[in-house]
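These protein sequence lines map, in sequence, to chains A and B. The working numbering numbers the first residue of the first sequence as 1238 and each following residue consecutively. The working numbering numbers the first residue of the second sequence as 9 and each following residue consecutively. Every residue, glycine too, gets a C-beta built ideally from N, C-alpha and C. No experiment lies behind these values; they were computed from the predicted model shown. Reviewing the structure listed below.
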Amino acid sequence: TQLLEQSPQFLSIQEGENLTVYCNSSSVFSSLQWYRQEPGEGPVLLVTVVTGGEVKKLKRLTFQFGDARKDSSLHITAAQPGDTGLYLCAGAFSNGNKLVFGAGTILRVKS
Amino acid sequence: GAVVSQHPSWVICKSGTSVKIECRSLDFQATTMFWYRQFPKQSLMLMATSNEGSKATYEQGVEKDKFLINHASLTLSTLTVTSAHPEDSSFYICSASSQNTDTQYFGPGTRLTVL
C-alpha cells in the first residue's frame, strides 16, 4: 500500500504551460518535502513545508501543504524545458526520521 | 550548505566481488544517514537507516549480510555490496539529515554495474 499517492505519473507539456502535481495521503505528516531529480543525479531539495495551509513560492514554483497536513501540491507556472525532471514528494512522520516517498512524477517540457 | 557527496559516482565490477560506496556530509554533522536504491524512472526505495555509532536498521527484504552499512562518524557512512551479482546493478543514493530535522539532503548517487 502506497502511503503517499502522487499524480500524475507522467506529464508531457509545451513550454509556457502551467501544471500541478499532487501528493495525497490518509496519514498526517509532520513535514513534507519536494525534490527534483535529473537522470543520473541525486534528488535536490526544493522545499520543506511544515505548517498546515502553508504556501511557499520558489520563483515559478508554488508549493502548498494541506490544512490537515495530509496532502500537498506543486504548481509550476509557465513551464520551461529546464523544469524537465523527476519530481518527488516525501512525507515525514513525527515519530521517526524516515521519509515516505511518492511514486514520482516524470515531467517533460517541450520547447 | 547541506552538501552530501558520494564516491565513486560510478563503478563497474565483476560478479562475486565486493564494492564499497562512501557517503559524506561535507558541511554538517549527519546524525542519521539513509541508503536508497533506485530503478530507472522510479521513486527511491529505502534500504536502510543508520545512526552514527550504532547498527543500521534494514528495511524488510534487504539482506543485511549482503549490504553492509557502517556509520563510523558524523560525516561518513559506507555501503558495501558484498559478493555482487548482476541483479545488484542499480543506482544507489545516500542521504543525510542532522538532529531534530526531517529534511534529508541527498548525495549525487552511485551507478553500480555488475558484469
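Task: Minimum C-alpha distance to A/PHE1338 - residue among B/ASP73, B/LEU52 and B/GLU67 - done: Reading the first sequence from its first residue, position 101 is the one you call residue 1338 of chain A. Among B/ASP73, B/LEU52 and B/GLU67, the Cα nearest to that of A/PHE1338 is on B/LEU52.
Open item on the list: Against B/LEU120, what residues of chain A qualify as contacts under a CB-to-CB distance less than 9 Å, listed in chain order?
Closed with: Along the second sequence, one-based indexing puts residue 120 of chain B at 112. Within chain A, no residue comes near B/LEU120; the closest Cβ sits about 13 Å away, beyond 9 Å.
- [ ] Return helix, strand or coil for A/ASP1320, following the three-state DSSP convention.
- [x] Indexing the first sequence from 1 puts residue 1320 of chain A at position 83. A/ASP1320: helix per DSSP, three-state reduction.
TODO: With DSSP as the reference, label B/GLU67 as helix, strand or coil.
DONE: The residue labelled residue 67 of chain B in the question sits at position 59 within the second sequence. It is coil, neither helix nor strand.
Open item on the list: If contact is defined by three or more beta carbon pairs under 8 Å, each pair taking one atom from either stretch, is the segment 99–110 of chain B in contact with the segment 32–40 of chain B?
Closed with: yes
Open item on the list: For B/SER17 and A/GLY1322, what's the separation of their Cα atoms in angstroms?
Closed with: By 1-based counting over the second sequence, the position of residue 17 of chain B is 9. By 1-based counting over the first sequence, the position of residue 1322 of chain A is 85. Spanning the two alpha carbons is a distance of roughly 20 Å.
- [ ] Scan the segment 97–114 of chain B for residues whose Cβ lies nearer than 7 Å to a Cβ of chain A and list them as they occur along the chain.
- [x] ILE101, SER105, ASP110, THR111, GLN112, TYR113 and PHE114
- [ ] Within 10 angstroms of the Cβ of B/VAL122, are there 16 or more other Cβ atoms? Answer buried if so, exposed if not.
- [x] Against the second sequence, residue 122 of chain B aligns to sequence position 114. Buried: at least 16 other Cβ atoms inside 10 Å.
- [ ] Within 10 angstroms of the Cβ of B/HIS93, are there 16 or more other Cβ atoms? Answer buried if so, exposed if not.
- [x] The count along the second sequence starts at 1 and reaches residue 93 of chain B at position 85. B/HIS93 is exposed by the Cβ-count criterion.
TODO: Report buried or exposed for A/ALA1412, applying the criterion of at least 16 other Cβ atoms within 10 angstroms of its Cβ.
DONE: Given a span of 1238 to 1348 for chain A in the structure shown, any question on residue 1412 of chain A remains unanswerable.
Open item on the list: Using a Cβ-Cβ distance cut-off of 8 Å, determine whether B/GLN68 contacts chain A.
Closed with: Taking the second sequence and counting its residues from 1, one reaches residue 68 of chain B at position 60. Not one chain A Cβ lies under 8 Å of B/GLN68.
Open item on the list: Can you tell me whether A/LYS1335 is buried or exposed? The criterion is at least 16 other CB atoms within 10 Å of its CB, across all chains shown.
Closed with: The residue you call residue 1335 of chain A lines up with position 98 of the first sequence. By the neighbour-count rule (16 or more Cβ atoms within 10 Å), A/LYS1335 is buried.
Task: Whole-angstrom distance between A/VAL1287 and A/CYS1409, CA atom to CA atom - done: Given that chain A is displayed from residue 1238 to residue 1348, the structure contains no residue 1409 of chain A and the question cannot be resolved.
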